[in-house]
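K.L.:
Submitted below is the structure of interest, expressed as structure tokens.
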Ligand SMILES: Nc1ncnc2c1ncn2[C@@H]1O[C@H](COP(=O)(O)OP(=O)(O)OP(=O)(O)O)[C@@H](O)[C@H]1O
Ligand SMILES: [Mg+2]
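Protein chains in written order, with the numbering used here: chain A, 1 to 287; chain B, 288 to 538.
Below, the structure is given as structure tokens:
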């Protein structure tokens, strides 16, 4: 059988590998299903629409997470307003303009290290730097500034990867017909990179929604409705995750599971939006 | 015939690598000039010096002069946007932008400030017709250019180049990625375009050079070895190395 066309050995190892891959896929999918299922089973029976439109108040005897939902939205938007332009702009600069490759490498490396730092350390830094030194104390702004530093690497890294993936031939074509560098970046590079950039932004949103450690000592944990849309950023505000933490500490599992349910829905929605956006804006797809 | 572009004592270094050695060459107006030579001899490099696409390569040093209508294009006051409007380029791999066919052709005119819809429509139609592509794409101008075949994409790139009304068109092996029929179409197109434009083309295909070029320059390791009327270069080369190359004794 020396001359057989069938190489038995590699076929068997292929099969084993295949089974292993299917097995690990099964495990990760079922974990997801179990977690989401558990939260749904515990959360849905406790769910009351009131929770979404009320404030927790002993005087009025109401329970609700509306302030936390609003604070979460504030933190997300404010963080993205701060970190988005800086992250995307920085990535464009590093990739397209910076000429000193050594410095670019150092910055990229630092960015990656930054991404691996435990978030409580960002919280400590944010509290002392923005909260004390800049006198912003416990406020949504302090929280957003702190999270900006935290998600900056996610946004800039994704933007950089997306820019690098744009074929060199597009650049040549644009420059060769007389485009200036900035015109080329605007009209060719960025549109091509949009799916990647948006993926970064949405991953960052996921990170922001999920964050608690870095917010506890920066944005604080107050659950009050905004009095003024703008000045609200200067007051302390606890997000959903912070409230979840507080409720768990007080053993209020009912509310905790409702919050968990809301969070899971938000995270899933963000993921689907990310998928949809990167397909919708993919200029490289034909048709 | 008038000289459109003139290279004088042109030297180019990539770092320490001497890639073009003292090249002197005149490119004649309304003619097709072909550059031939073995791989790595500097044909693309030379072509790129003619519209300063080498500006984007690191550690490039250029000495000598390239003039376009007697103006030195390496003068520090030169605006490369204007230069590249006059001297357009078509690359080896068709490289349409991931946009609609229409937006690809309108890209150049828009850079140069044309915004009027009617005017752009006219330019797009005229350029596509000049590139012999209009009939094939007229009904799908607003679909992605990436859906075209390789040959169509390359003609689109030529249309994109023509849309800014250049005076010179540089083509770097424009047909090497194409099938024989698409190649023939592009060759016919170039023969027609030379009435209005000055054309310089790099090719590995010597039949192609002899079919379409009025003048041919032979390069060898950075040197321009021989240059003359295509017929003369192919039928009675003056230099032994040219003869060896075109008779296929090396390359
Ligand atoms: N960016 C660069 N940096 C350093 N060396 C380069 C660069 N581009 C080209 N070279 C070198 O310069 C020489 C000429 O290259 P060029 O691309 O002009 O050759 P060519 O004649 O177009 O070859 P081909 O027919 O394979 O396209 C080659 O030795 C090449 O390795
Ligand atoms: Mg080449």
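For each residue, glycine too, the CB sits at the ideal point set by N, CA and C.
(1) Using a beta-carbon distance below 8 Å, is residue 278 of chain A in contact with chain B?
(2) What does a CB cutoff of less than 6 Å around residue 440 of chain B pick up in its chain, not counting 5 residues either side in sequence?
(3) Assign residue 534 of chain B to one of two classes, buried (16 or more other C-beta atoms within 10 Å of its C-beta) or exposed (fewer than that).
(4) Along chain A, in chain order, which residues have C-beta atoms closer than 8 Å to that of residue 395 of chain B?
(5) In terms of DSSP beta bridges, what is residue 352 of chain B paired with?
(6) Indicate whether the contact test is met: 3 or more Cβ pairs, each with one atom in the segment 503 to 522 of chain B and one in the segment 316 to 332 of chain B, closer than 8 Å.
(7) From residue 5 of chain A to residue 11 of chain A, what distance separates their C-alpha atoms?
(8) Mind pulling the alpha helix (DSSP H) runs of 4 or more residues that sit fully within the segment 460 to 505 of chain B?
(9) So does residue 330 of chain B have its beta carbon nearer than 7 Å to some heavy atom of ligand 2?
(10) Nearest-angstrom Cα distance between residue 27 of chain A and residue 130 of chain A?
(11) Output, in sequence order along the chain, the residues in the segment 92 to 117 of chain A whose CB is closer than 8 Å to any CB in chain B.
(12) So what does DSSP say about residue 281 of chain A, is it helix, strand or coil?
(13) Specify, as a first and last residue, the run of the beta strand (DSSP E) that residue 365 of chain B falls within.
(14) Which residues, in order along the segment 161 to 175 of chain A, keep a beta-carbon less than 7 Å from a beta-carbon of chain B?
(15) Could I get the ranges of all uninterrupted alpha helix (DSSP H) runs contained in the segment 156 to 184 of chain A, with 4 residues as the minimum, in chain order?
(16) Give me whichever residues DSSP pairs with residue 322 of chain B in a beta bridge.
(17) Determine the extent of the beta strand (DSSP E) in which residue 306 of chain B is found, giving its start and end residues.
(18) Using 10 angstroms around the beta-carbon of residue 230 of chain A, count the other beta-carbons present and answer buried if the total reaches 16, otherwise exposed.
(19) Does DSSP classify residue 62 of chain A as helix, strand or coil?
(20) What are the start and end residues of the beta strand (DSSP E) that includes residue 515 of chain B?
(21) Closest Cβ-Cβ distance between residue 29 of chain A and chain B: below 8 Å?
(22) Taking C-beta pairs closer than 9 Å, name the residues in chain A that residue 308 of chain B reaches, listed in chain order.
(23) Keeping to the same chain, check which residues put their C-beta closer than 7 Å to that of residue 39 of chain A; ignore five residues upstream and five downstream.
(24) What in chain D is Cβ-close to residue 372 of chain B, meaning under 7 Å?
(25) Is it buried or exposed, residue 339 of chain B, if we count other Cβ atoms within 10 angstroms and call 16 or more buried?
P.N.:
According to the data block:
(1) No, because no Cβ of chain B sits closer than 8 Å to the Cβ of residue 278 of chain A.
(2) Within the same chain, residue 440 of chain B has close Cβ partners 381, 383.
(3) The residue is exposed, with fewer than 16 neighbouring Cβ atoms inside 10 Å.
(4) Going along chain A in sequence order, the residues near residue 395 of chain B (Cβ under 8 Å) are 177, 178.
(5) In DSSP, residue 352 of chain B forms a bridge with B/295.
(6) Under the 8 Å Cβ criterion, the segment 503 to 522 of chain B counts as touching the segment 316 to 332 of chain B, having at least three qualifying pairs.
(7) Rounded to the nearest angstrom, the two C-alpha atoms are 12 Å apart.
(8) The qualifying runs are 467 to 480, 493 to 499.
(9) Short note on residue 330 of chain B: C-beta closer than 7 Å to some heavy atom of ligand 2.
(10) Using only the alpha carbons, I get a separation of about 43 Å.
(11) Within the segment 92 to 117 of chain A, no residue qualifies.
(12) Residue 281 of chain A falls in the coil class under three-state DSSP.
(13) Segment: none, residue 365 of chain B is in no beta strand (DSSP E) and carries neither H nor E.
(14) Within the segment 161 to 175 of chain A, the residues whose Cβ lies closer than 7 Å to some Cβ of chain B are 169, 170, 172, 173, 175, listed in chain order.
(15) You should have 168 to 176, 181 to 184.
(16) Bridge partners of residue 322 of chain B: B/489, B/504.
(17) Counting along the chain, the beta strand (DSSP E) containing residue 306 of chain B begins and ends at 304 to 315.
(18) Counting Cβ neighbours within 10 Å, residue 230 of chain A comes out exposed, since fewer than 16 surround it.
(19) Strand, per DSSP.
(20) 510 to 516 is the extent of the beta strand (DSSP E) around residue 515 of chain B.
(21) Judged by the 8 Å Cβ criterion, residue 29 of chain A is not in contact with chain B.
(22) Those do not exist, as residue 308 of chain B stays about 25 Å from chain A at its closest Cβ, beyond 9 Å.
(23) These residues qualify, in order along the chain: 257, 260, 261, 264.
(24) In the structure shown, chain D does not exist; the protein chains are A and B.
(25) A residue is called buried once 16 or more other Cβ atoms fall within 10 Å of its Cβ, and residue 339 of chain B is buried on that count.
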